[in-house]
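Each residue of the sequence shown is one higher than the one before, starting from 200 at the first, in our numbering.
Note that CB positions come from ideal geometry on N, CA and C, so glycine has one too.
Contents: one structure, followed by commentary.
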Amino acid sequence: MKAKVTEQGVLIPKALLEGILEVEILKENSRILVVPSIKKDPIYQLGSNPITCNMSDASEKHDTYLYGQYR
């Protein structure tokens, strides 16, 4: 398949990206690769499922609760 390069870049037909939500665009030597992003960065999940506890100061004194001493 050939595609015309415009001022905005190249349009990739949606039919070639069926079921893909995100891609990585890489340039290696003289080739441009469009690779489906399979793995999500785990940092985006941080805080999505927080624990609950009966300690009102757990964020301030977490070392004490985890290790038994202030660090």
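- Per DSSP, the beta bridge partners of L232 are L225.
- In the displayed model, L210 falls within coil according to three-state DSSP, outside both helix and strand.
- About 6 angstroms separates the beta carbons of I211 and V233, which is inside the 8 angstroms limit, making them a contact pair.
- DSSP places Q244 within a helical segment (H, G or I) once states are collapsed to three.
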